[in-house]
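Numbering (the UniProt record's numbering), first residue to last: 1 to 344.
Following: one structure in structure tokens, then a few remarks.
Below, the structure is given as structure tokens:
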């Protein structure tokens, strides 16, 4: 029994030793694994920090590149805008020059002379019949009606508002052959377009009532550069007047749109001091417009060329004349005899 007890104690001691060895080995392995994991974690953190630093650097570079790109795009836009505006300005100037050349090539520089037309005086009339056109207007301050009508067949009456114009019409004692109204320039600034139309209609009705045989010329507002609103009002009033009186054979319209281009005033025709009144060049075109309109309503011959059906200069066709000389195909000149040609 004693031997068995001793053997059991020895086995128990051996098991305890084995258990301690296993525990010791496990502890060592745990420490090794812990150290290994801590090392890996430390390395991962370091790598992560390095990657974050790299990402930050890349982000900064991207931001710099984006800023540079934005700056370059802004510069390109500014350059394109500047060049575009400059090219548009050059194109507009060229178009204005071409338009001006067209205007002056087919209009008399002097503005032409007004020609009186004889009329028959009815017996028993108390009023004096006058064969002269009578402009009633707030004419351009630079406009010299004596200069632009050297035959002195025009009587000018100054009226600076539509109300004054009505009073001047009522006070006329001579019966004019033509009444020319250019009276909207000042009222455009203070009156609504509908009010201007109403006042102008009243003036026309009074004129036709007092002088039923008198032709009327309505000079439409000239373009102005002082205020876009006033210029647009003038365009609107012109359209409304044409619509209202287009069927009246006693009324003609003096269209001054050749003083503008695409509804924008040509500044070369305007006084630089105010952008409203016409300068000398503008006055010549304006006077020529009036002359043509008066000649037309009186049935007088046109001042334009009679060759090839007397084409109007703005009908889009070339106005050839018999003195044109050329050597190419479609030559319209008069053939000459002599060497190299056959005489007719």
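In this text, a Cβ means the ideal position worked out from N, Cα and C, and glycines have one as well.
Predicted model only: the values in this text are computed from it and were never measured.
Separation of the CB atoms of residue 286 and residue 256 is rounded to 6 Å, and the pair is thereby assigned contact status at 8 Å. Residue 160 carries a coil assignment under DSSP once its states are collapsed to helix, strand and coil. In the structure shown, residue 215 falls within a strand segment according to DSSP collapsed to helix, strand and coil. Around the beta carbon of residue 178, 16 or more other beta carbons sit within 10 angstroms, so the residue counts as buried.
For residue 226, same chain residues with a beta-carbon under 8 Å away, outside a window of 5 residues either side, are 274, 275, 276 in chain order.
Taking the C-beta atoms as reference points, residue 254 is found nearer than 9 Å to residue 219.
Between the region 153-166 and the region 180-188, the count of C-beta pairs closer than 8 Å reaches three or more; the two stretches touch. Scanning 217, 292, 209, 232 for the CA closest to the CA of residue 193 turns up 232. Nearest Cα to residue 268 within the set 295, 223, 207: 223. By the neighbour-count criterion, in which a residue is buried when 16 or more other Cβ atoms sit within 10 angstroms of its Cβ, residue 212 is exposed.
CA-CA distance, residue 28 to residue 21, rounds to 10 Å. Cβ-Cβ separation between residue 188 and residue 204: approximately 18 Å, too far for a contact (criterion under 8 Å).
Residue 225 sits in coil when the DSSP states are folded into three classes, being neither helix nor strand.
The DSSP-derived three-state label of residue 288 is helix. Distance from the Cα of residue 200 is smallest, within the candidate group 32, 244, 5, for 244. Here DSSP, grouped into helix, strand and coil, assigns residue 207 to helix. Residue 280 and residue 234 have their C-alpha atoms spaced approximately 21 Å apart.
Of the candidates 16, 176, 236, 176 places its Cα closest to the Cα of residue 298. Under the three-state reduction of DSSP output, residue 193 falls in the helix class.
Here residue 214 has 176, 179 as same chain residues with Cβ atoms under 6 Å from its own Cβ, once five neighbours each way along the sequence are excluded. Put simply, of 34, 291, 49 the residue whose alpha carbon is nearest the alpha carbon of residue 154 is 291. In the DSSP annotation of this structure, the continuous segment of the beta strand (DSSP E) that includes residue 253 starts and ends at 251-254.
Taken through DSSP and simplified to helix, strand or coil, residue 22 comes out as helix. The region 32-102 contains no complete beta strand (DSSP E) run of 3 or more residues.
The beta carbons of residue 206 and residue 237 sit no closer together than 9 Å. In terms of Cβ geometry, residue 289 and residue 258 form a close pair [threshold 9 Å]. The beta-bridge partner set that DSSP reports for residue 198 is empty. Pairing residue 210 with residue 172 gives a Cβ-Cβ distance under 9 Å.
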